[in-house]
Amino acid sequence: MGYFYVGGWWVRASAQVFNKISVFGYVGKALIEICKEIKKGYLSKAWKIEAPLRTE
């Protein structure tokens, strides 16, 4: 899941112990491509979530 928060793009990912190392490589490569598109401005007009900062 990716989202825009407090001026930057964030991704939260989770994995299971039975995932293969190749799965992590696949996801990493996909995230690199997404970051390239963001840098090009392709997603620069995407929605923003303006949420308050946590005060924990």
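Taking the working numbering as reference, the numbering of the sequence shown is continuous, increasing by one, and the terminal residue is 180.
A virtual CB, placed ideally from N, CA and C, is assigned to each residue, including glycine.
Bear in mind the structure is a predicted one, so any value in this text is a computation, not a measurement.
Of the listed residues the options, nearest to residue i (C-alpha basis)
i, options, result
"Val-151", "Gly-132, Ala-137, Lys-160", "Ala-137"
Chain-order list of residues whose beta-carbon lies under 7 Å from that of residue i (same chain, five-residue window excluded)
i, result
"Ile-156", "none"
Cutoff 6 Å; reference residue i; Cβ partners in own chain excluding five residues on either side
i, result
"Val-135", "Gly-126"
For residue j and residue i, the rounded distance between their alpha carbons
i, j, result
"Gly-149", "Phe-128", "23 Å"
"Phe-142", "Trp-133", "28 Å"
"Val-147", "Ile-158", "17 Å"
"Val-130", "Lys-164", "20 Å"
"Ala-139", "Ile-145", "11 Å"
Opposing strand residues paired with residue i [DSSP bridges]
i, result
"Val-135", "Gly-126"
Neighbourhood of residue i by C-beta, 8 Å cutoff - its chain only, sequence neighbours within 5 removed
i, result
"Ile-173", "Since pLDDT at Ile-173 reaches only 49, below the 50 mark, its modelled position is unreliable, and no value is offered."
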